[in-house]
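J.: Structure incoming, see below.
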Amino acid sequence: MKTEMEIRMQGMQALINKLGLVETERFLAAVSRDRFNYTQWRRTELPELTIEAIAEQGNELADKLNETKNT
Numbered sequence: 004m005k006t007e008m009e010i011r012m013q014g015m016q017a018l019i020n021k022l023g024l025v026e027t028e029r030f031l032a033a034v035s036r037d038r039f040n041y042t043q044w045r046r047t048e049l050p051e052l053t054i055e056a057i058a059e060q061g062n063e064l065a066d067k068l069n070e071t072k073n074t
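4 is the number of the first residue of the sequence shown in my numbering; add one for each residue after it.
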């Protein structure tokens with residue numbers, strides 16, 4: 004099991020890899036500023052996706068990123 008710090012570091016790295024440093028900072032500022040509510044966002048923005056589908060897509064993206072990183 005990963006520590007909370009490991010999860011945070013991997014999450015930050017994933018955001019930076021996908022968005023770049025500046026856009027990651029903008030995203031985090033928006034989440035903080037708007038008092039982001041994941042549960043509400045999940046209900047209104049992703050109603051057709053199950054948590055399993057989201058996890059599967061996340062795993063597929065991670066695999067692609069790892070393949071790209073290792074080549």
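No residue lacks a Cβ here, since even glycine has one placed at the ideal position from N, Cα and C.
Keep in mind it's a predicted model, so treat the numbers as computed, not measured.
#1: According to DSSP, simplified to helix, strand and coil, what is T6?
#2: Going by the beta-carbon positions, is the gap between I19 and T27 smaller than 7 Å?
#3: Report the three-state DSSP secondary structure of E51 (helix, strand or coil).
#4: If distances are taken between C-alpha atoms only, which option among D37, K21, A32, L52 comes closest to L68?
#5: State the Cα-Cα distance for the pair F30 and M4, rounded to the nearest angstrom.
#6: Taking the C-alpha atoms as reference points, what is the distance between D66 and R11?
T.: On the basis of the supplied data:
#1: Residue numbering aside, residue 6 sits at position 3 when the sequence shown is read from its first letter. Three-state DSSP puts T6 in coil, outside helix and strand.
#2: As a working note, residue 19 is residue 16 in the sequence shown. As a working note, residue 27 is residue 24 in the sequence shown. I19 places its beta carbon less than 7 Å from that of T27.
#3: As a first step, residue 51 must be located in the sequence shown, where it is residue number 48. Residue state, collapsed to three classes: coil.
#4: To locate residue 68, count along the sequence shown from 1; it is residue 65. Ranking the options by Cα distance to L68, first place goes to K21.
#5: Mapped onto the sequence shown, residue 30 falls at position 27. Mapped onto the sequence shown, residue 4 falls at position 1. Straight-line Cα distance between these residues: approximately 27 Å.
#6: One-based indexing of the sequence shown puts residue 66 at position 63. One-based indexing of the sequence shown puts residue 11 at position 8. Approximately 19 Å, taken between the alpha carbons.
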